[in-house]
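Visitor: Encoded as structure tokens, here's the structure I'll be asking about.
Protein chains in written order, with full-length UniProt numbering: chain Z, 1 to 291; chain G, 1 to 291.
In structure tokens:
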């Protein structure tokens, strides 16, 4: 199979490495990246077999195209290149929003390809090929949002494909479900991390006073401002709802603390403990196709 | 040296294991734990040399006593046992609050011992000896709050001692500084984790939609409700200030998102990224005695 990867950042690069590590070595991996040096590095490290900085021949040859670009770049790529895909190709994208993205690409997807909207729930807070790894997908969730234009067998095949390169669980969800859940699990988490670290007072040598909790909670405060501004605004309504629900819980807690209401405080902690235990239990299950 | 450890939970147990693993094997490690089975387990695993469920002989023999009990249990232990310490013993506690604790123990510390208020910034969200390990302190911060009754050389010796068992950095701070910083780095982090997981809507199979961000941000939502209720209320004023500052940042972010204010959003993300990078840089330094 000829596999084309568009964008050799941490996601595209990890796809390339994971395919190389976990699948039949006879697959030809080709990549397009606007950065010449990234292509050179990927070639010299043996991550890809062939590379281009703009499409010359790759889209015409690829049976599977994985577009690992930011939302705006993905739309732009489709506008420029949508007439070049091989007939019958499976093409997929990897962005963190679905409702807006499906709308944006609606008229840009030719009838001759099967285009799958997908979201690998894995990544790194660092950017670029240097942080890509064959193992970054291990044990992670993958979300697929089928559209009416998808062939069921293509989607099933792609689900098996991502499981073969390391994802532990593929879930099929509607665009609305996807965006509602992601607003909470991913976007709100980033808002919280940013707000936590930005609420620190200056010049107080915070590093001397931190444990793993603070390290963990601020890890994702290091983020790409262009990408996340795009993602947040493309899912604004759901995100604001998630923030509001979170703010209410913080407010409840503040009230209980202010009133020395031990009973309420303990109730919140017992609830959070139970929820986290349940999450760990569910997260440790390996299941497929929970549609 | 005879070392007495009071409470073989995750902190006390890790002290025992780390002393065994990193220091001269001729130190005699003795422990008091109210749970007979915990003492039996610690003896059979060779973590301790001798154990008791209530003090019979340990405090009379120990040159160093590490009290790894929750705040209320610590006060209770001192009330019951403060006349039993060996003359000249170094005694230390490990709780996460200092102003209230120093006040509470003020009249309970005999002149014949050197009592050090300390806070190991390491732990596990799970309780008990089973989760103790010799490595849990590796690379962690240790805070010491000297009082007017401490001998400088005792404090310096204890700082070296905790570094020898794995802590990377010891900082001497006043009780006020300690509680102000901990309100932010530890207590607020726990409030956030609890509020995040408790703000989830029920029955929506959240585990299928999570990545490492959500896993990391909710890890500490699993917490001991009695301990944390004590800790929060003992540091109420500083904690409420920290929550308020955090809430303002969330509010600012919400406003920027509501108004599609890309410039402000990007500004917040650039700031959080810079702060996190600075934190990583400072956190990676190994320094001592930053008083």
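Note that the Cβ used here is the ideal one computed from N, Cα and C, for glycine as well.
None of these values were measured; they are calculated from a predicted model.
What does residue 233 of chain Z reach in chain G if we use C-beta pairs closer than 9 Å?
Guide: Those within 9 Å of residue 233 of chain Z in chain G are 257, 260, 262, 265.
Visitor: Determine, using beta-carbon pairs with one atom in the region 201 to 210 of chain Z and one in the region 136 to 145 of chain G, whether at least three such pairs fall under 8 Å.
Guide: Output reads yes: the region 136 to 145 of chain G touches the region 201 to 210 of chain Z.
Visitor: To the nearest angstrom, report how far apart residue 154 of chain G and residue 7 of chain G are at their CA atoms.
Guide: Cα to Cα, the separation comes out at about 23 Å.
Visitor: Listing by chain order, which chain Z residues have their CB less than 8 Å from the CB of residue 106 of chain G?
Guide: Under the 8 Å cutoff, chain Z gives no residues; its nearest Cβ is about 23 Å from residue 106 of chain G.
Visitor: Straight-line CA distance for residue 239 of chain G to residue 187 of chain G?
Guide: Going from the Cα of residue 239 of chain G to the Cα of residue 187 of chain G covers about 7 Å.
Visitor: Quick one: give me the first and last residue of the beta strand (DSSP E) that residue 28 of chain G is part of.
Guide: Run containing residue 28 of chain G: 28 to 32, per the beta strand (DSSP E) assignment.
Visitor: Near residue 164 of chain G, which residues of its chain fall below 7 Å by C-beta distance, leaving aside the five closest residues on each side in sequence?
Guide: Counting only Cβ-Cβ distances below 7 Å, and skipping sequence neighbours, we find 22, 23.
Visitor: State whether the region 264 to 284 of chain Z contacts the region 222 to 235 of chain G, with contact taken as three or more CB pairs (one from each stretch) at a distance under 8 Å.
Guide: Yes, since at least three Cβ pairs between the region 264 to 284 of chain Z and the region 222 to 235 of chain G fall closer than 8 Å, the two stretches touch.
Visitor: Would you please verify whether the beta carbon of residue 288 of chain Z is less than 7 Å from any beta carbon of chain G?
Guide: Unreliable positioning characterises residue 288 of chain Z in this predicted model, as indicated by a pLDDT of 47, which lies under 50. The coordinate reading is nonetheless provided below. Chain G contact via Cβ: absent.
Visitor: Name the DSSP bridge partner or partners of residue 92 of chain G?
Guide: In the DSSP output, where bridge partners are listed per residue, residue 92 of chain G has G:66, G:116.
Visitor: In the region 134 to 145 of chain Z, which residues sit with their C-beta less than 9 Å from some C-beta in chain G, listed in chain order?
Guide: Correct list: 140, 141, 143.
Visitor: If contact is defined by three or more beta carbon pairs under 8 Å, each pair taking one atom from either stretch, is the region 101 to 120 of chain Z in contact with the region 255 to 267 of chain Z?
Guide: No contact exists between the region 255 to 267 of chain Z and the region 101 to 120 of chain Z.
Visitor: DSSP beta-bridge partners for residue 121 of chain G?
Guide: The partner list for residue 121 of chain G (beta bridge, DSSP) reads G:141.
Visitor: Quick check on the burial criterion: 16 or more other C-beta atoms within 10 angstroms. Buried or exposed for residue 235 of chain G?
Guide: Result: buried.
Visitor: Using the C-alpha atoms, what's the distance from residue 174 of chain Z back to residue 151 of chain Z?
Guide: Cα to Cα, the separation comes out at about 16 Å.
Visitor: Give the list of continuous alpha helix (DSSP H) stretches no shorter than 4 residues that lie fully inside the region 200 to 251 of chain Z.
Guide: Segments of the alpha helix (DSSP H) lying fully in the region 200 to 251 of chain Z: 212 to 218, 225 to 233.
Visitor: Mapping the DSSP letters down to three states, classify residue 5 of chain Z as helix, strand or coil.
Guide: The answer is strand: DSSP assigns residue 5 of chain Z an E or B state.
Visitor: Which whole-angstrom value is the C-beta distance of residue 249 of chain Z and residue 195 of chain G, which I expect to be below 8 Å?
Guide: That belief holds up - the Cβ atoms of residue 249 of chain Z and residue 195 of chain G are roughly 4 Å apart, short of 8 Å.
Visitor: Please confirm if residue 291 of chain Z has its CB atom under 7 Å from at least one CB of chain G.
Guide: Low per-residue confidence applies at residue 291 of chain Z: pLDDT is 36, beneath 50, and the placement is therefore not dependable enough to give any value.
Visitor: Count the other CB atoms, across all protein chains shown, that sit within 10 Å of the CB of residue 83 of chain Z; report buried if there are 16 or more and exposed otherwise.
Guide: By the neighbour-count rule (16 or more Cβ atoms within 10 Å), residue 83 of chain Z is not buried but exposed.
Visitor: Taking the alpha helix (DSSP H) that residue 170 of chain Z falls in, what are its first and last residues?
Guide: No alpha helix (DSSP H) holds residue 170 of chain Z; the beta strand (DSSP E) holding it covers 169 to 172.
Visitor: Distance check for residue 228 of chain G and residue 76 of chain G, CA to CA, integer angstroms please.
Guide: Approximately 18 Å between the Cα atoms of the pair.
Visitor: Using a beta-carbon distance cut-off of less than 7 Å, what residues from the region 271 to 283 of chain Z approach chain G?
Guide: Listed by position, the residues of the region 271 to 283 of chain Z near chain G (Cβ gap below 7 Å) are 271, 272, 273, 275, 276, 277, 279, 282, 283.
Visitor: If I follow the unbroken beta strand (DSSP E) through residue 13 of chain G, where does it start and stop?
Guide: Careful: residue 13 of chain G lies outside any beta strand (DSSP E), inside the alpha helix (DSSP H) at 10 to 22.
Visitor: Suppose contacts are defined by Cβ-Cβ distances below 7 Å. Is residue 51 of chain G in contact with residue 43 of chain G by that definition?
Guide: Cβ distance < 7 Å, so residue 51 of chain G and residue 43 of chain G count as in contact.
Visitor: List the residues that DSSP assigns as beta-bridge partners of residue 52 of chain G.
Guide: In DSSP, residue 52 of chain G forms a bridge with G:32.
Visitor: Please classify residue 285 of chain Z as buried or exposed, where buried requires at least 16 neighbouring CB atoms within 10 angstroms.
Guide: It counts as exposed.
Visitor: Verify whether the separation of the beta carbon atoms of residue 31 of chain G and residue 48 of chain G is less than 7 Å.
Guide: In contact: residue 31 of chain G and residue 48 of chain G (Cβ atoms closer than 7 Å).
Visitor: With distances taken Cα to Cα, identify the nearest neighbour of residue 217 of chain Z among G:192, G:39, G:19, G:69.
Guide: Minimum Cα distance to residue 217 of chain Z is reached at G:192.
Visitor: Name the chain G residues whose beta carbon is nearer than 7 Å to that of residue 220 of chain Z?
Guide: Going along chain G in sequence order, the residues near residue 220 of chain Z (Cβ under 7 Å) are 213.
Visitor: Would you kindly report the start and end of the unbroken alpha helix (DSSP H) that includes residue 100 of chain Z?
Guide: Counting along the chain, the alpha helix (DSSP H) containing residue 100 of chain Z begins and ends at 99 to 105.
Visitor: Where do the ends of the alpha helix (DSSP H) carrying residue 293 of chain Z lie?
Guide: It is not possible to answer for residue 293 of chain Z, since the shown part of chain Z is limited to 1 through 291.
Visitor: Quick one: using the 10 Å Cβ neighbour count with 16 as the cut-off for buried, is residue 33 of chain Z buried or exposed?
Guide: Buried, because 16 or more other Cβ atoms sit within 10 Å of the Cβ of residue 33 of chain Z.
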